[in-house]
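Student: Following this message is one structure expressed as structure tokens.
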Amino acid sequence: MGDVIVFAEHRDGHFPKTTLIAVNAGLEIARKRGGNCVAVVAGDQVDGLAAEAAKYGVGKVIALEDARLGHYLADSTAQALAALTKSTGAETVLAAATAIGKDLMPRVAARLDAPMASEIIAINDDGTFVRPMYAGNALATVELAGPVRVVTVRGTAFDAAKAVGNSAPVERVKAELDPAGLKMEFVGFNEIKSDRPQLTEARIIVSGGRGLKSGDNFKTVLEPLVDEIGAAMGASRAAVDAGFVPNDLQVGQTGKVVAPELYVAVGISGAIQHLAGMKDSKTIVAINKDEEAPIFSVADFGLVADLFKAVPEMTEEVKKLKH
Numbered sequence: 024m025g026d027v028i029v030f031a032e033h034r035d036g037h038f039p040k041t042t043l044i045a046v047n048a049g050l051e052i053a054r055k056r057g058g059n060c061v062a063v064v065a066g067d068q069v070d071g072l073a074a075e076a077a078k079y080g081v082g083k084v085i086a087l088e089d090a091r092l093g094h095y096l097a098d099s100t101a102q103a104l105a106a107l108t109k110s111t112g113a114e115t116v117l118a119a120a121t122a123i124g125k126d127l128m129p130r131v132a133a134r135l136d137a138p139m140a141s142e143i144i145a146i147n148d149d150g151t152f153v154r155p156m157y158a159g160n161a162l163a164t165v166e167l168a169g170p171v172r173v174v175t176v177r178g179t180a181f182d183a184a185k186a187v188g189n190s191a192p193v194e195r196v197k198a199e200l201d202p203a204g205l206k207m208e209f210v211g212f213n214e215i216k217s218d219r220p221q222l223t224e225a226r227i228i229v230s231g232g233r234g235l236k237s238g239d240n241f242k243t244v245l246e247p248l249v250d251e252i253g254a255a256m257g258a259s260r261a262a263v264d265a266g267f268v269p270n271d272l273q274v275g276q277t278g279k280v281v282a283p284e285l286y287v288a289v290g291i292s293g294a295i296q297h298l299a300g301m302k303d304s305k306t307i308v309a310i311n312k313d314e315e316a317p318i319f320s321v322a323d324f325g326l327v328a329d330l331f332k333a334v335p336e337m338t339e340e341v342k343k344l345k346h
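Just so you know, our numbering puts 81 at position 58 of the sequence shown, and the rest follows in order with no gaps.
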């Protein structure tokens with residue numbers, strides 16, 4: 024039986040879309056391996072979240088509880104998840120390739136002495152996985168040999184799991200934690216609050232690049248368009264490295280991988296690492312004054328124009344349509 028454990032990452036009392044994508048991938052692996060899919064909700068007093076996870080078609084939910092899991096810390100969560108995996112005899116341990124998933128799962132793999140595949144985008148019937156390489160320019164088929172396999176799932180590769188009519192049973196398990204192995208301490212969490220959608224969950228994203236020339240231009244030129252169309256705001260690595268915007272807005276291979284219904288790239292040349300993070304978007308619009316910019320090679324609609332003139336005009340047109 025190829026049982027699958029899905030680490031159900033949660034944030035502010037709910038599951039982000041990336042978690043439901045991981046659940047759907049876990050369900051697919053379980054079907055192909057003839058096993059059960061078990062969602063694991065780790066934390067302190069997570070009964071409500073565990074009951075919510077039970078609605079998404081999994082065979083069982085484990086509420087992995089301990090006060091020391093109340094805030095995510097890599098060492099305590101990895102230790103608890105690895106111990107649970109050993110005790111259940113699961114064949115596959117899986118999480119979404121979010122910032123937490125990328126931080127956690129290599130540690131779990133090390134504790135289990137297990138092979139790992141990162142950011143898989145497909146699951147083959149023979150138990151192998153497909154993952155992108157070289158910024159998405161090549162796809163590799165990966166076979167993981169061993170009694171346990173550790174996997175992260177790219178957040179744009181699968182549909183999100185849908186709630187079903189029945190709920191799975193919930194089992195409460197006390198986390199196995201060895202205090203001697205816990206070296207991290209939670210100090211605080213400073214979150215930037217915004218009324219805009221989160222990048223990884225937004226239907227529309229407007230991203231700016233080095234062509235905007237300054238952080239002030241992100242505010243005065245880009246933000247009005249972002250807010251008029253109810254979008255999330257993103258940025259290229261060049262814009263982040265230049266200090267125009269914080270790095271939590273970065274889209275790309277070393278940032279967030281997104282696939283919204285509409286992606287608007289403003290003043291972004293289209294380096295390979297940026298394209299790797301957004302080329303799966305349903306519709307891509309590019310605005311750049313350089314008609315040779317690589318971004319136009321993936322764009323569905325391209326506008327060769329001065330962004331400082333074109334973007335305010337777009338904003339005004341959207342306002343007219345709304346009113």
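Think of the CB as a built atom: it goes at the ideal place given N, C-alpha and C, for glycine as much as any other residue. These figures come from a predicted structure and were not determined experimentally.
Would you mind working out which of 341, 76, 240 sits nearest residue 262, comparing C-alpha positions?
Tutor: Numbered from its first residue, the sequence shown carries residue 262 at position 239. The candidate whose alpha carbon is nearest that of residue 262 is 240.
Student: Any idea if residue 147 is buried or exposed, counting beta-carbon neighbours within 10 angstroms, 16 or more meaning buried?
Tutor: Sequence index remark: in the sequence shown, residue 147 carries index 124 (1-based). Residue 147 comes out exposed.
Student: Would you give the residue range spanned by the alpha helix (DSSP H) that residue 128 belongs to?
Tutor: As a working note, residue 128 is residue 105 in the sequence shown. Element bounds for residue 128: 122–135.
Student: On the three-state DSSP scale, how would you describe residue 257?
Tutor: Here residue 257 corresponds to residue number 234 of the sequence shown, with the count starting at 1. The answer is strand: DSSP assigns residue 257 an E or B state.
Student: Please tell me whether residue 43 and residue 180 are closer than 7 Å, where the distance is taken between their beta carbons.
Tutor: Residue numbering aside, residue 43 sits at position 20 when the sequence shown is read from its first letter. Residue numbering aside, residue 180 sits at position 157 when the sequence shown is read from its first letter. Against a cut-off of 7 Å, the Cβ pair of residue 180 and residue 43 comes out as no contact.
Student: Is the CB-CB distance between residue 223 and residue 279 below 7 Å?
Tutor: Walking along the sequence shown from the start, residue 223 turns up at place 200. Walking along the sequence shown from the start, residue 279 turns up at place 256. Yes.
Student: Could you check whether residue 62 and residue 118 sit closer than 7 Å to each other, using their CB atoms as the reference points?
Tutor: As a position in the sequence shown, residue 118 is number 95, starting the count at 1. As a position in the sequence shown, residue 62 is number 39, starting the count at 1. Going by C-beta atoms, residue 118 is not nearer than 7 Å to residue 62.
Student: For the candidate residues 76, 52, 318, whose alpha-carbon lies nearest to that of residue 186?
Tutor: Taking the first residue of the sequence shown as position 1, residue 186 is located at position 163. With distances taken between Cα atoms, residue 186 lies closest to 76.
Student: Going by alpha carbons, who is nearest to residue 212 out of 83, 284, 93?
Tutor: Reading the sequence shown from its first residue, position 189 is the one you call residue 212. Per the Cα distances, 93.
Student: Note down, in chain order, each residue of its chain lying with its Cβ closer than 6 Å to the Cβ of residue 48, except the 5 sequence neighbours on either side.
Tutor: Counting from 1 along the sequence shown, the entry for residue 48 is found at position 25. Closer than 6 Å at the Cβ level, and outside the excluded window around residue 48, lie 176, 181.
Student: Considering just the uninterrupted stretch of the alpha helix (DSSP H) at residue 55, what are its terminal residues?
Tutor: Position 32 of the sequence shown, counting from 1, holds the residue named residue 55. Per DSSP, residue 55 belongs to the alpha helix (DSSP H) from 40–56.
Student: For residue 228, which residues of its own chain have a beta-carbon under 8 Å away from its beta-carbon, when the five flanking residues on both sides are left out?
Tutor: As a first step, residue 228 must be located in the sequence shown, where it is residue number 205. So the qualifying residues of the chain are 222, 254, 255, 256, 257, 274, 281, 283, 285, 286, 287, 301, 304.
Student: Taking just the CA atoms, how far does residue 96 sit from residue 206?
Tutor: On the sequence shown, residue 206 is found 183 positions in, with the first residue counted as 1. On the sequence shown, residue 96 is found 73 positions in, with the first residue counted as 1. Taking the straight line joining both Cα atoms gives about 10 Å.
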